[in-house]
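Quick notes on the structure that follows.
Residue numbers (the working numbering), protein chains in the order written: chain U, 95 to 351; chain R, 3 to 297.
What follows is the structure, given as structure tokens:
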């Protein structure tokens, strides 16, 4: 594989007259973690949903280099193929774990769902894989048969990550994975994510408003304001030497501790 | 065979059309049935009518029966396997009156069998039609409340979520605890709810020589399993599908292979196990009596 894993050209999405994101183009290379930062309402999540095929952009194309089928246009795929892609080669980590989990069934069933969806029919094996992943995301094995409703916010987020990574995806979309968690839990989760990205050679697109998270996890950064990408570059470069006025403001508004 | 003569009024039933429903309605239902037979296990929507009995008492089944019944038919109606419960008796009398058909309690003699919650123990044969009364036709309903989503799941045959529910059952109870309405895959394609029959009856659906029609009145859906169609109950490789077994035999006929109902017979908690299929039980008792007389 020589080309980029995910490639977008001129992605634009409008909601009526309101522009959510406009003319976004970038390439994501295998093993790379791309951060998208910006304030609330700057179109980060809309862009992410367009990339993941959950929203149809009004203009532009998103192409993805699949493992076996060559390069595909995400929005021209049949629904069946797109859904298959979404549950095998992709992962999607929601900000609110309740949206990404099945709250009515146990943690083990949550992790095993993707396996069963692609044809796993051996209970013992599914359970074993689920246990392995519980350990990998540092969840207590005793909680394997508990429902996520009995989990804390940080545990739910870990479970959501395990549920997505169990199919060994190549590309993970993350929407504020640490949003709404307290700082110590955030730190552990970030540590975990960094380890997993490394270990499984994941590519990821990470949406966040927290520059600290971006600094820790991402290789490259895109700064969005009012639906436009106003600056992009290597993370350290953007954060240490911001060029655009908005980026300067963002960097300056980090609270010193 | 269906009787399609217009204005064919039974003298006893006065102003009603033959088999209660008007001819256009019956035609519409037959079209839905044909489509259902053509796509085994697929739920075909139909314009369900108000019937002279409440939802949940068999309005779906009774409409399907009304659409397919003719004067040459012999009708049997069972409720939980029994021919003599209120529901079974009134539906049988209803059709005797409005469709002028012969009725029977014997499985072999019947051409159309409308059933609630059981498949008869006596093996069915070619040419017989089994009509099921279905309360909730959508097998994925409890897992996915959105109709648009369940339809998409059926269209793309994404049935992982059903397997998740079985996983959950084993994790919670150590075995697949679902005992009735056990999900099946029809002809390797559509996930189907076999209506609330006990899972004991699931193997009888597989490659059955009789035509199986399923009618859901409240939800207005018809689906079908054509004769000799493979019907597979879902399971795991290491937790295979199993049917119920009893240590007891039927207290009346001594059957060890039929589905048994448990009855409490007195205030001391004395229990009795008897066949749920009354016709099967009586046939066997009759045979045993005759065999004894010969001695």
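The beta-carbon is built from N, C-alpha and C at its ideal position, and this holds for glycine as well.
Which residues in chain R sit within 7 Å of residue i, going by Cβ to Cβ distance?
i: residue 199/U; result: 166, 170
i: residue 174/U; result: 158
i: residue 220/U; result: 169
i: residue 203/U; result: 166, 169, 170, 173
When DSSP labels each residue in this structure, what does residue i get in the three-state scheme?
i: residue 8/R; result: Here residue 8/R scores only 45 on pLDDT, less than 50, and its place in the model should not be relied on; the value that follows carries that caveat. Looking at residue 8/R - three-state DSSP - the assignment turns out to be coil, as it is neither helix nor strand.
i: residue 213/R; result: strand
i: residue 17/R; result: coil
i: residue 71/R; result: coil
i: residue 112/R; result: coil
i: residue 142/U; result: helix
i: residue 47/R; result: strand
i: residue 285/U; result: helix
i: residue 223/U; result: helix
i: residue 61/R; result: helix
i: residue 321/U; result: coil
i: residue 121/U; result: strand
i: residue 80/R; result: strand
i: residue 296/R; result: helix
i: residue 155/U; result: strand
i: residue 108/U; result: strand
i: residue 126/U; result: coil
i: residue 337/U; result: coil
i: residue 95/R; result: helix
i: residue 121/R; result: coil
i: residue 266/U; result: strand
i: residue 199/R; result: coil
i: residue 348/U; result: coil
Here's the rule I'm using: 16 or more other beta-carbon atoms within 10 Å means buried, otherwise exposed. How should residue i be labelled?
i: residue 36/R; result: exposed
i: residue 325/U; result: buried
i: residue 156/R; result: buried
i: residue 174/U; result: exposed
i: residue 212/U; result: exposed
i: residue 131/U; result: buried
i: residue 125/R; result: exposed
i: residue 8/R; result: Since pLDDT at residue 8/R reaches only 45, below the 50 mark, its modelled position is unreliable, and the value read off the structure follows with that caveat. So residue 8/R ends up on the exposed side.
i: residue 150/U; result: exposed
i: residue 217/U; result: buried
i: residue 349/U; result: exposed
i: residue 343/U; result: exposed
i: residue 6/R; result: Unreliable placement is indicated for residue 6/R, whose pLDDT of 49 sits below 50; the coordinate value is still reported in the next sentence. Looking at its Cβ environment, which holds fewer than 16 other Cβ atoms inside 10 Å, residue 6/R is exposed.
i: residue 244/U; result: exposed
Interface residues of chain R around residue i at Cβ under 8 Å?
i: residue 206/U; result: 166, 169
i: residue 58/U; result: No answer is possible for residue 58/U: the residues shown for chain U start at 95 and end at 351.
i: residue 239/U; result: 173, 174
What residues of chain R sit near residue i, judged by a beta carbon separation below 9 Å?
i: residue 211/U; result: 160, 161, 162, 163, 165, 166
i: residue 255/U; result: Result: empty, since nearest Cβ-Cβ is about 18 Å, beyond 9 Å.
Could you give the C-beta distance for residue i and residue j, rounded to a whole number, given that I count them as a contact under 8 Å?
i: residue 196/R; j: residue 207/R; result: 6 Å
i: residue 71/R; j: residue 101/R; result: 5 Å
i: residue 103/R; j: residue 81/R; result: Not confirmed; about 18 Å, so no contact.
i: residue 290/U; j: residue 259/U; result: 7 Å
i: residue 164/R; j: residue 185/R; result: 5 Å
i: residue 47/R; j: residue 279/R; result: Not really, about 32 Å apart at Cβ, beyond 8 Å.
i: residue 191/R; j: residue 159/R; result: 6 Å
Along chain B, which residues have their Cβ under 8 Å away from the Cβ of residue i?
i: residue 241/R; result: Looking for chain B here will not work: the only protein chains present are U and R.
Quick one: which chain U residues come within Cβ less than 7 Å of residue i?
i: residue 238/R; result: 215, 216, 217
i: residue 226/R; result: Residues of chain U passing the Cβ test: none, with the nearest at roughly 25 Å.
Ordered list of beta strand (DSSP E) runs contained in the region 201–281 of chain R, each at least 3 residues: 213–218, 223–227, 233–235, 262–266, 273–277
Segments of 4+ residues assigned as alpha helix (DSSP H) that fall wholly inside the region 168–251 of chain U: 173–182, 191–194, 201–211, 217–230
Every unbroken beta strand (DSSP E) within the region 123–165 of chain R, with a cutoff of 3 residues, ordered by chain: 131–135
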